[in-house]
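Chains U and Z, in that order, give the protein sequences. Quick note: the first sequence uses full-length UniProt numbering, first residue 1, plus one each step. Quick note: the second sequence uses full-length UniProt numbering, first residue 1, plus one each step. Ideal Cβ positions, reconstructed from N, Cα and C, are used throughout, including at glycine. Notes follow once the structure below has been shown.
Number of protein chains: 2
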Amino acid sequence: MGNKRLTVREIAKLADVSVATVSRVSRGTGQVSQETRERVLRIIEEYGYRPSQMGRSLAEQRHGMVAIVFPGLAGPYFSELTQGFESQAMEAGTGVHILVTHHRDDADDSVLDMASRVDGIAIHGDTVRTETLRRIAAEVPVVVLAGRPMDGVPAVRADNSTIGELTRHLLVDHGYRRLAFVGSPDGSPDVTDRWEAFQAAHKQARVPAPRNPVRLGLQQSDGVRAAGELLDGRRPPRAVVCANDETALGMLIGALGRGLSVPGDVAITGFDDVPMASLVQPRLTTVRQPIRELGATTARLLISGLGNRGAVMDAVLATEPVFRESCGCPRT
Amino acid sequence: MGNKRLTVREIAKLADVSVATVSRVSRGTGQVSQETRERVLRIIEEYGYRPSQMGRSLAEQRHGMVAIVFPGLAGPYFSELTQGFESQAMEAGTGVHILVTHHRDDADDSVLDMASRVDGIAIHGDTVRTETLRRIAAEVPVVVLAGRPMDGVPAVRADNSTIGELTRHLLVDHGYRRLAFVGSPDGSPDVTDRWEAFQAAHKQARVPAPRNPVRLGLQQSDGVRAAGELLDGRRPPRAVVCANDETALGMLIGALGRGLSVPGDVAITGFDDVPMASLVQPRLTTVRQPIRELGATTARLLISGLGNRGAVMDAVLATEPVFRESCGCPRT
DNA sequence: TTGTACGCGTTATCAC
DNA sequence: GTGATAACGCGTACAA
Numbered sequence: 001m002g003n004k005r006l007t008v009r010e011i012a013k014l015a016d017v018s019v020a021t022v023s024r025v026s027r028g029t030g031q032v033s034q035e036t037r038e039r040v041l042r043i044i045e046e047y048g049y050r051p052s053q054m055g056r057s058l059a060e061q062r063h064g065m066v067a068i069v070f071p072g073l074a075g076p077y078f079s080e081l082t083q084g085f086e087s088q089a090m091e092a093g094t095g096v097h098i099l100v101t102h103h104r105d106d107a108d109d110s111v112l113d114m115a116s117r118v119d120g121i122a123i124h125g126d127t128v129r130t131e132t133l134r135r136i137a138a139e140v141p142v143v144v145l146a147g148r149p150m151d152g153v154p155a156v157r158a159d160n161s162t163i164g165e166l167t168r169h170l171l172v173d174h175g176y177r178r179l180a181f182v183g184s185p186d187g188s189p190d191v192t193d194r195w196e197a198f199q200a201a202h203k204q205a206r207v208p209a210p211r212n213p214v215r216l217g218l219q220q221s222d223g224v225r226a227a228g229e230l231l232d233g234r235r236p237p238r239a240v241v242c243a244n245d246e247t248a249l250g251m252l253i254g255a256l257g258r259g260l261s262v263p264g265d266v267a268i269t270g271f272d273d274v275p276m277a278s279l280v281q282p283r284l285t286t287v288r289q290p291i292r293e294l295g296a297t298t299a300r301l302l303i304s305g306l307g308n309r310g311a312v313m314d315a316v317l318a319t320e321p322v323f324r325e326s327c328g329c330p331r332t
Numbered sequence: 001m002g003n004k005r006l007t008v009r010e011i012a013k014l015a016d017v018s019v020a021t022v023s024r025v026s027r028g029t030g031q032v033s034q035e036t037r038e039r040v041l042r043i044i045e046e047y048g049y050r051p052s053q054m055g056r057s058l059a060e061q062r063h064g065m066v067a068i069v070f071p072g073l074a075g076p077y078f079s080e081l082t083q084g085f086e087s088q089a090m091e092a093g094t095g096v097h098i099l100v101t102h103h104r105d106d107a108d109d110s111v112l113d114m115a116s117r118v119d120g121i122a123i124h125g126d127t128v129r130t131e132t133l134r135r136i137a138a139e140v141p142v143v144v145l146a147g148r149p150m151d152g153v154p155a156v157r158a159d160n161s162t163i164g165e166l167t168r169h170l171l172v173d174h175g176y177r178r179l180a181f182v183g184s185p186d187g188s189p190d191v192t193d194r195w196e197a198f199q200a201a202h203k204q205a206r207v208p209a210p211r212n213p214v215r216l217g218l219q220q221s222d223g224v225r226a227a228g229e230l231l232d233g234r235r236p237p238r239a240v241v242c243a244n245d246e247t248a249l250g251m252l253i254g255a256l257g258r259g260l261s262v263p264g265d266v267a268i269t270g271f272d273d274v275p276m277a278s279l280v281q282p283r284l285t286t287v288r289q290p291i292r293e294l295g296a297t298t299a300r301l302l303i304s305g306l307g308n309r310g311a312v313m314d315a316v317l318a319t320e321p322v323f324r325e326s327c328g329c330p331r332t
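So this is what it looks like as structure tokens:
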């Protein structure tokens with residue numbers, strides 16, 4: 001194992017042909033006689049020759065590879081997003097490089113390094129600073145995923161305003177007062193949008209909104225922690241609007257674990273409509289977001305945009321509220 | 001944006017020096033006069049020059065990049081694993097390429113393609129077929145992560161036998177009969193080991209083990225489904241040993257959602273000890289696995305082993321049972 | 001200290 | 001149908 005790989009030249013010598021012919025055979029391009037082709041193919045097979053990617057990309061001036069940058073990858077959200085992205089990349093014969101920043105300090109360097117290894121980069125939310133985004137965009141095509149377009153960098157995102165409908169539903173249809181919002185607006189553009197839609201809905205319903213959101217992460221464990229913060233206080237909220245389903249699920253688990261009734265004592269809503277949302281008891285009222293399609297659209301935009309610039313600059317995908325029982329609606 | 005990037009030659013011309021000097025400056029290697037260095041540095045800065053990775057790796061005969069291959073990335077497990085892996089890779093100045101197969105048919109091709117883009121590959125469980133693993137190992141150094149060593153390919157894994165202790169605890173200490181196991185042994189080596197340890201513990205306690213495991217995936221939603229299969233039947237199990245925490249959590253949610261008492265009606269155990277395990281009510285009895293260390297060890301072995309072969313062949317990391325309340329133990 | 005020239009592995013353009 | 005040979009961008013002996 002670990003044998004040094006053979007090069008075109010060596011294969012050419014072994015098959016007694018020129019490197020050009022080996023290349024033609026291995027790429028299946030150009031004209032090669034039946035006999036020669038078979039001979040070369042046999043040698044290639046025998047020695048397990050595979051053209052070096054670095055040699056190839058140097059010659060072709062492309063990597064056949066795009067990258068997608070995430071802040072982290074816990075939860076089903078990123079998994080779905082990746083699958084949507086990869087499905088389209090694959091269709092275009094392009095590889096996908098996943099880069100996770102984990103909110104590290106040197107994340108920007110990693111992303112800049114990526115820029116010289118791929119033909120295009122999709123960057124999620126605000127994983128990198130604006131300044132870095134600009135520098136990267138100067139080197140390779142970039143698409144912002146789940147964030148706002150900027151300086152000629154196109155974006156693909158979901159319509160977050162629908163969480164306003166959910167909020168209105170809680171305030172008006174159910175008549176709840178004292179709502180809480182769980183999520184850090186400074187953490188991601190998506191959460192910023194959702195927090196703003198939450199506030200806007202309050203304004204429209206002429207109900208005072210809470211001054212601050214419960215600033216926590218987007219994982220289930222954060223939802224459980226939020227339950228601790230909100231439900232153990234002396235004036236617990238009547239309903240909790242969570243920035244995503246994971247925190248809503250954590251919140252639900254925390255509430256039930258305290259012996260509270262959901263939605264009787266506290267109503268809970270989420271965002272995403274992940275599989276678990278319809279599997280828990282009570283089922284989760286949420287906003288359905290086409291996560292997979294979000295990834296797919298991003299990949300298409302990125303890959304097609306590699307050549308022609310100035311197409312779509314801001315693709316906003318539609319979302320829809322899904323009313324189940326965790327908000328207080330009867331089971332249908 | 002999208003400006004074609006400058007090459008060493010162009011920078012050299014602009015700074016009025018040779019390409020060698022530019023290279024020396026940008027790499028910080030060799031001897032360059034203070035004055036020249038500053039001049040070149042200024043030009044590099046001004047034009048935002050960054051050496052092309054493909055040119056560099058072609059010249060250096062290395063990529064400065066290793067890959068880690070996963071079957072999927074839902075749940076906190078892969079997130080932790082990745083962070084451990086990346087922390088070590090980073091320390092060695094190596095980039096990390098994450099490849100997710102999603103159990104696709106053409107996954108093996110993707111992995112083979114990776115082989116010519118990186119200096120080494122860590123492959124999780126059995127994401128690829130044995131035959132493919134062999135071919136890859138013939139091209140680049142490979143380490144199996146959470147699987148068995150094979151044909152000179154080293155492995156890093158956790159001690160799965162501890163789930164036997166947990167099973168014994170349920171059978172002997174608590175005296176439970178009719179246990180069920182949730183997880184697909186054919187899905188991954190880890191689950192195979194755990195299923196076998198589960199069976200072995202039964203044998204040792206002279207209690208008949210169930211003939212078959214509940215063959216489902218490793219996500220929370222699978223746990224909820226397992227709850228449906230097991231708890232709605234006419235002879236529900238007294239205790240359920242789940243292959244990981246995610247399914248155990250799903251199981252717990254499913255049980256509680258049915259109005260059952262845990263551990264009163266049914267005891268539940270997991271594997272991993274993820275953060276949620278100690279946050280739910282009742283807290284989850286499980287096996288603690290050093291996930292992050294698993295990733296870190298793999299990276300170290302892979303990167304150090306790039307040069308010297310024949311070091312560690314099978315690193316088995318210790319695990320420990322964590323008894324909480326979901327198995328029936330009193331809260332301590 | 002600096003510059004020239006070659007090699008890395010591949011593809012593509014010409015001649016033949 | 002096939003073979004030389006020139007790119008591609010960089011690092012680095014070797015020469016100056």
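Item: In this structure, how does DSSP classify residue 252/Z when only helix, strand and coil are distinguished?; Value: helix
Item: Using CA coordinates, which residue listed in 103/U, 289/U, 109/U is at the minimum distance from residue 187/U?; Value: 103/U
Item: Residues in its own chain within less than 6 Å of residue 169/Z by CB, not counting five upstream and five downstream?; Value: none
Item: From the beta carbon of residue 279/U, is the nearest beta carbon of chain Z less than 8 Å away?; Value: yes
Item: My output table needs one value for residue 65/Z: the three-state DSSP class, helix, strand or coil.; Value: strand
Item: Note down the Cα distance separating residue 283/Z from residue 303/U, rounded to an integer number of angstroms.; Value: 47 Å
Item: Near residue 76/Z, what residues of its chain come up, given a Cβ to Cβ distance below 6 Å and the 5 sequence neighbours on each side ignored?; Value: 274
Item: With a threshold of 8 Å between beta-carbons, can residue 73/U be considered close to chain Z, or not?; Value: yes
Item: Going along the chain, which residues of its own chain have a beta-carbon closer than 6 Å to the beta-carbon of residue 320/Z, five neighbours each way excluded?; Value: 288
Item: Compute the beta-carbon to beta-carbon distance between residue 73/Z and residue 100/Z, rounded to the nearest angstrom, for a pair I have assumed lies under 8 Å.; Value: 6 Å
Item: So, for residue 238/Z: in the same chain, excluding its five sequence neighbours on each side, which residues have a beta-carbon less than 8 Å away from its beta-carbon?; Value: 176, 177, 178, 179, 266, 267
Item: Residues of the segment 129-140 of chain U with a CB closer than 8 Å to any CB of chain Z: list them in chain order, please.; Value: 135, 137, 138, 139, 140
Item: Answer with yes or no whether the minimum CB distance from residue 312/U to chain Z is below 8 Å.; Value: no
Item: Just verifying my parser: in three-state terms, what is the DSSP assignment at residue 325/Z?; Value: coil
Item: Let me make sure I understand the geometry here. Which of 160/U, 251/U, 71/U has the alpha-carbon closest to that of residue 263/U?; Value: 251/U
Item: Going along chain Z, which residues have a C-beta under 7 Å from residue 58/U?; Value: 54, 55, 58
Item: Within its chain, find whatever has a CB closer than 8 Å to the CB of residue 1/Z; leave out the 5 residues flanking it on each side and keep chain order.; Value: Summary for residue 1/Z: the model assigns pLDDT 46, below 50, so the residue's position carries little reliability; its value from the coordinates is reported in the next sentence. Counting only Cβ-Cβ distances below 8 Å, and skipping sequence neighbours, we find nothing.
Item: Can you tell me whether DSSP reads residue 202/U as helix, strand or coil?; Value: helix
Item: Is it the case that the Cβ atoms of residue 246/U and residue 204/U are separated by a distance below 8 Å?; Value: no
Item: Could you check where the alpha helix (DSSP H) with residue 113/Z kicks off and where it finishes?; Value: 107-115
Item: Determine which residues of the segment 235-256 of chain Z have a Cβ less than 7 Å from any Cβ of chain U, and write them out in chain order.; Value: 253, 256
Item: What span of residues does the alpha helix (DSSP H) with residue 222/U cover, start to end?; Value: 220-231
Item: Can you tell me whether residue 48/U is helix, strand or coil according to DSSP?; Value: coil
Item: By Cβ distance below 6 Å, which residues in the same chain neighbour residue 88/Z in space, the five residues on each side in sequence not counted?; Value: 296, 299, 300
Item: Please identify the residue among 138/U, 145/U, 118/U whose C-alpha is closest to the C-alpha of residue 292/U.; Value: 145/U
Item: I'd like to check one pair, residue 84/U with residue 294/U: are the Cβ atoms closer than 8 Å?; Value: yes
Item: If we require 4 or more residues per run, which alpha helix (DSSP H) segments fall completely within the UniProt domain "HTH lacI-type" (6-60) of chain Z?; Value: 8-15, 19-27, 34-47, 53-60
Item: Would you mind telling me which residues of chain U sit closer than 7 Å to residue 291/Z, beta carbon to beta carbon, in chain order?; Value: Here the premise fails: no neighbours, minimum Cβ distance about 12 Å.
Item: Comparing alpha-carbon positions, which option in 29/U, 23/U, 243/U lies nearest residue 194/U?; Value: 243/U
Item: If we count the other Cβ atoms within 10 Å of its Cβ and call it buried at 16 or more, is residue 160/Z buried or exposed?; Value: buried
Item: Go ahead and label residue 330/Z buried or exposed: buried means 16 or more other beta carbons lie within 10 angstroms of its beta carbon, across all protein chains shown.; Value: exposed
Item: Measuring straight from C-alpha to C-alpha, what distance separates residue 116/U and residue 8/U?; Value: 25 Å
Item: Could you check which residue in 105/Z, 54/Z, 257/Z, 183/Z has the C-alpha nearest to that of residue 119/U?; Value: 54/Z
Item: For residue 143/U, which three-state DSSP category applies?; Value: strand
Item: Compare the C-alpha of residue 224/U against each of 142/Z, 110/Z, 277/Z and name the closest.; Value: 277/Z
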